[in-house]
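Visitor: One structure is given below, represented as structure tokens, and several questions about it will come after.
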Amino acid sequence: MTAIILFDSLLGYMLDKLKALKKEIEKAADKAKDISGLEQLEIEYLGRKGKLTALLKDLSSLSKDVRPKAGAMANQIKQESLKLFELKKGELGGAVFESLADKEREDVTEPGIRPPQGHLHIMTQAIREITEIFNKIGFVRARYPEVDWDWYAFESLNMPPDHPARDEWETFFMDAPTSKKGKMVLTPHTSNAQVRELERGEFPVRMINIAKCYRRQSDITHVPMFHQFEGLYVDKDVSISHLRGTLDYFAKAFFGPDRAIRLRPHHFRFTEPSFEIDISCGVCGGTGVAADKTKCRVCKQGWLELGGAGMVHPNVLKAGKVDPKKYSGFAFGWGLERTYMMKEGMKIDDIRILYKNDMRFLKQF
Ligand code: FA5
64 MTAIILFDSL
74 LGYMLDKLKA
84 LKKEIEKAAD
94 KAKDISGLEQ
104 LEIEYLGRKG
114 KLTALLKDLS
124 SLSKDVRPKA
134 GAMANQIKQE
144 SLKLFELKKG
154 ELGGAVFESL
164 ADKEREDVTE
174 PGIRPPQGHL
184 HIMTQAIREI
194 TEIFNKIGFV
204 RARYPEVDWD
214 WYAFESLNMP
224 PDHPARDEWE
234 TFFMDAPTSK
244 KGKMVLTPHT
254 SNAQVRELER
264 GEFPVRMINI
274 AKCYRRQSDI
284 THVPMFHQFE
294 GLYVDKDVSI
304 SHLRGTLDYF
314 AKAFFGPDRA
324 IRLRPHHFRF
334 TEPSFEIDIS
344 CGVCGGTGVA
354 ADKTKCRVCK
364 QGWLELGGAG
374 MVHPNVLKAG
384 KVDPKKYSGF
394 AFGWGLERTY
404 MMKEGMKIDD
414 IRILYKNDMR
424 FLKQF
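Be aware that the sequence shown starts at 64, since it is given in our numbering, and climbs by one per residue.
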């Protein structure tokens, strides 16, 4: 009898301890702030060295009759606690996402941050503008090499080797093998396009070649790399008035209706007759006199030199396999940088600024 009472009270004691542990687990789970805290509790209570496992070991002191009852209860507590931890983890996980969603909310309708935007270099803008102006009168932009044979750059243009006229084109020669067309040069002018275009044998020729040119020069009006645009028109019965009309049209379209051009006699080996092209000064209106009655500082006498022109020399036509008795033509070559500097409102007093990559300058255009 005494023994039964003793066993009963031991069982009761064990069951109370299990119930108390259950409550403790519930309280602790309630207080857990995050998932890692819950995982710690799981180890603390249900792990191999946890509090519930320790209690289960004590069950061995119970009699075989009552042990299953206590064992079943311990097991039930374990299962319920596992479920509780899972449930809590789910709740805390959801809360984490909610607070993340709050913190990292993106309003897709908000205006974006504009990335810094560049623009085309002013020379590229000028190339496009000039191409368009000439397109309107039927001239099509051609592309010819910027590293070319001596034949195209000089010899076919009526400038045989060692001719003194070549000195003006202070040329860079390539360190490359020579061919029957001579040495290779960095094109010192766009006129290398003339014979290349004639060789195509399609008439009328109405070409505009805009390309880089290279000369060993550098000062306030010269850069070692610059651009020229070369016009070539070859057909039957082409005269100087066609040349004059074309240049006039370009000057008015590019610089404005008030500007005029002037052809001054000159000498080029590849044109006959040859001219220098001047444009009336935009600062003094072609008078040579500034507003304060002093000499215009930009032009000094009302005109500014922009390029060369002339009627294509018969020898050049022949070099391009064109019969000079049947065909005639004109050509002109202007410096792009200088032309751009003469635009109304431009106050560029050193040509080299165009290629210094100075953002303070470039941003203005
Ligand atoms: C020539 O280069 C001739 N090929 C032009 C030509 C073509 C004449 C067709 C007749 C028929 P010139 O050496 O004068 O000509 O150069 C023409 C223009 O190129 C100059 O007026 C100038 O505007 C520009 N230029 C020449 N050298 C430089 C340089 N180093 N830097 C910037 N612009 C230059």
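For every residue, glycine included, the Cβ atom is placed at its ideal position computed from N, Cα and C.
It should be emphasised that the depicted structure is a prediction, and the values quoted were computed from it without experimental measurement.
Enumerate, from N- to C-terminal direction, the unbroken alpha helix (DSSP H) stretches of 4 or more residues contained entirely within the stretch 325 to 402.
Guide: Whole alpha helix (DSSP H) segments, 4+ residues: 377 to 382.
Visitor: When burial is assigned at 16 or more other CB atoms within 10 Å of the CB, is D300 buried or exposed?
Guide: Here residue 300 refers to the residue found at position 237 when the sequence shown is read from its first residue. So D300 counts as exposed.
Visitor: Going by DSSP, name the residue or residues bridged to N272.
Guide: Against the sequence shown, residue 272 aligns to sequence position 209. BP columns for N272 point to A205, E293.
Visitor: For D93, which residues of its own chain have a beta-carbon under 7 Å away from its beta-carbon, when the five flanking residues on both sides are left out?
Guide: Here residue 93 corresponds to residue number 30 of the sequence shown, with the count starting at 1. In the same chain as D93, and ignoring 5 residues on each side of it, no C-beta atom comes closer than 7 Å to its own.
Visitor: I need the DSSP call for G245, collapsed to helix, strand or coil.
Guide: As a working note, residue 245 is residue 182 in the sequence shown. It is a strand residue.
Visitor: W214 by DSSP, collapsed to three states: which one?
Guide: Taking the sequence shown and counting its residues from 1, the one referred to as residue 214 is at position 151. Of the three classes helix, strand and coil, the one that applies to W214 here is helix, per DSSP.
Visitor: Identify which residue in M136, G408, E400 has its Cα closest to the Cα of V286.
Guide: In the sequence shown, counting from the first residue as 1, residue 286 sits at position 223. Comparing C-alpha distances from V286 to each of M136, G408, E400 shows the shortest one belongs to E400.
Visitor: Taking H305 as part of the alpha helix (DSSP H), name the residues at either end of that continuous run.
Guide: Indexing the sequence shown from 1 puts residue 305 at position 242. Its alpha helix (DSSP H) spans residues 303 to 318.
Visitor: Go ahead and pull the three-state DSSP assignment for F160.
Guide: Here residue 160 is taken as the residue at index 97 of the sequence shown, counted from 1. Helix at F160.
Visitor: Based on Cα-Cα distance, which residue from D230, S281, D298, P174 lies nearest to L261?
Guide: Mapped onto the sequence shown, residue 261 falls at position 198. Among D230, S281, D298, P174, the Cα nearest to that of L261 is on D298.
Visitor: According to DSSP, simplified to helix, strand and coil, what is F197?
Guide: In the sequence shown, residue 197 corresponds to position 134, counting from 1. Helix.
Visitor: Which of the three DSSP states is assigned to M288 in this structure?
Guide: By 1-based counting over the sequence shown, the position of residue 288 is 225. Strand.
Visitor: K151 and L101 - do their beta-carbons sit closer together than 9 Å?
Guide: Residue numbering aside, residue 101 sits at position 38 when the sequence shown is read from its first letter. Residue numbering aside, residue 151 sits at position 88 when the sequence shown is read from its first letter. Yes, the pair counts as a contact, with Cβ atoms nearer than the cut-off.
Visitor: Quick test of your reading: Y215 and V258, contact by CB under 8 Å. State the CB separation rounded to the nearest angstrom.
Guide: The count along the sequence shown starts at 1 and reaches residue 215 at position 152. The count along the sequence shown starts at 1 and reaches residue 258 at position 195. Correct: roughly 6 Å between the Cβ atoms.
Visitor: Among residues of its own chain, excluding the 5 on either side of G351, which ones have a beta-carbon nearer than 6 Å to its beta-carbon?
Guide: On the sequence shown, position 288 is the one that residue 351 refers to. Here the set comprises C359, Q364, G365.
Visitor: Alpha carbon to alpha carbon, how far is I176 from M405? Give it in angstroms, no decimals.
Guide: One-based indexing of the sequence shown puts residue 405 at position 342. One-based indexing of the sequence shown puts residue 176 at position 113. Cα to Cα, M405 sits roughly 38 Å from I176.
Visitor: At a threshold of 8 Å, does T284 count as lining ligand 1 (C-beta to nearest heavy atom)?
Guide: Walking along the sequence shown from the start, residue 284 turns up at place 221. Indeed, a heavy atom of ligand 1 lies less than 8 Å from the Cβ.
Visitor: Measuring CA to CA, which of A372, A354, A91, F289 is closest to Y418?
Guide: Along the sequence shown, read from residue 1 onward, the residue named residue 418 stands at position 355. Closest option to Y418, Cα to Cα, is F289.
Visitor: Please classify S242: is it buried, with 16 or more other beta-carbons within 10 angstroms of its beta-carbon, or exposed?
Guide: Here residue 242 refers to the residue found at position 179 when the sequence shown is read from its first residue. Classification for S242: exposed.
Visitor: Tell me the rounded alpha-carbon separation between E89 and D121.
Guide: The count along the sequence shown starts at 1 and reaches residue 89 at position 26. The count along the sequence shown starts at 1 and reaches residue 121 at position 58. Rounded to whole angstroms, E89 to D121 spans 22 Å at the Cα level.
Visitor: For D341 and L249, what's the separation of their Cα atoms in angstroms?
Guide: Start at 1 with the first residue of the sequence shown, and residue 341 comes out as number 278. Start at 1 with the first residue of the sequence shown, and residue 249 comes out as number 186. Whole-angstrom Cα-Cα distance: 27 Å.
Visitor: Kindly examine ligand 1 and report whether one of its heavy atoms sits closer than 8 Å to the Cβ of A394.
Guide: Start at 1 with the first residue of the sequence shown, and residue 394 comes out as number 331. Yes, since a heavy atom of ligand 1 falls inside the 8 Å radius drawn around the Cβ of A394.
Visitor: Using a Cβ-based criterion (distance less than 8 Å to any ligand heavy atom), does L369 qualify as near ligand 1?
Guide: The count along the sequence shown starts at 1 and reaches residue 369 at position 306. Checking every heavy atom of ligand 1 against the Cβ of L369, one is found closer than 8 Å.
Visitor: What do you reckon, are the CB atoms on I414 and T284 nearer than 9 Å?
Guide: Walking along the sequence shown from the start, residue 414 turns up at place 351. Walking along the sequence shown from the start, residue 284 turns up at place 221. Against a cut-off of 9 Å, the Cβ pair of T284 and I414 comes out as a contact.
Visitor: Since L115 contacts K80 with CB under 8 Å, what's their CB separation in whole angstroms?
Guide: For the purposes of this step, residue 115 is taken as the residue at position 52 of the sequence shown. For the purposes of this step, residue 80 is taken as the residue at position 17 of the sequence shown. No, L115 and K80 are not in contact; Cβ-Cβ is about 10 Å, not under 8 Å.
Visitor: CA-CA distance, E231 and G370?
Guide: Your numbering for residue 231 matches position 168 in the sequence shown. Your numbering for residue 370 matches position 307 in the sequence shown. Their backbone Cα atoms lie some 14 Å apart in a straight line.
Visitor: How close, in whole Å, do the beta carbons of G373 and L295 come, if the pair is a contact with beta carbons under 8 Å?
Guide: Here residue 373 refers to the residue found at position 310 when the sequence shown is read from its first residue. Here residue 295 refers to the residue found at position 232 when the sequence shown is read from its first residue. In this structure, G373 and L295 do not form a Cβ contact; the two beta carbons are roughly 11 Å apart against a cut-off of 8 Å.
Visitor: Classify A83 as buried or exposed, calling it buried when 16 or more other Cβ atoms lie within 10 Å of its own Cβ.
Guide: In the sequence shown, residue 83 corresponds to position 20, counting from 1. It counts as exposed.
Visitor: How would you call V375, buried or exposed, if buried means at least 16 neighbouring beta carbons within 10 angstroms?
Guide: For this step, residue 375 is matched to residue 312 along the sequence shown. Burial is judged here by how many other beta carbons sit within 10 angstroms of a residue's own beta carbon; V375 has at least 16 and is buried.
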